[in-house]
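Trainee:
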Amino acid sequence: MLSIISSSLAGLYAATDRASRAAERIANAGVRAGEELEAATLAAGNRSYDNANALTNNGGAPPPPLSAYAAPSPDADIIYGLADLMLAEHAYKANIAVLKTADAMLGRLVDADH
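For the sequence shown, position 33 (counting from the first letter as 1) is numbered 25 according to the numbering used here, and the numbering increases by one without interruption.
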């Protein structure tokens, strides 16, 4: 009986940890989006400057374009974070149900002894 309660409590701690990491991922998505926008703006500014220099330097070729492959979208972080949050909620509910069942079984065992 104690192993059931112990396993359920471990599951509750794991669900709490997962929810915490999901919330952090969601919160940081906006911060990373701002950082990526700032980096892209800076890169675009540098690229424009380099293009202007190339055109004034005897018609030299401009630098290669920025990569077509972007960093993962902050929206994806929010979506995965919300999915993890929902999974943590379901895990928490399942472990609470196990605890309630163990409590009911323990109560019946105690009642049977009297």
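Don't be surprised by glycine CBs; every beta carbon is placed ideally from N, CA and C.
(1) So residue 87 packs on residue 3, CB below 8 Å; how close in whole Å?
(2) Looking at C-alpha atoms only, which residue of 91, 93, 78, -5 is the closest neighbour of residue 18?
(3) According to DSSP, simplified to helix, strand and coil, what is residue 97?
(4) Just how far apart, CA to CA, sit residue 98 and residue 1?
(5) Can residue 7 and residue 76 be called in contact, C-beta distance under 8 Å?
Mentor: Once the coordinates are examined:
(1) 4 Å
(2) 78
(3) helix
(4) 16 Å
(5) no
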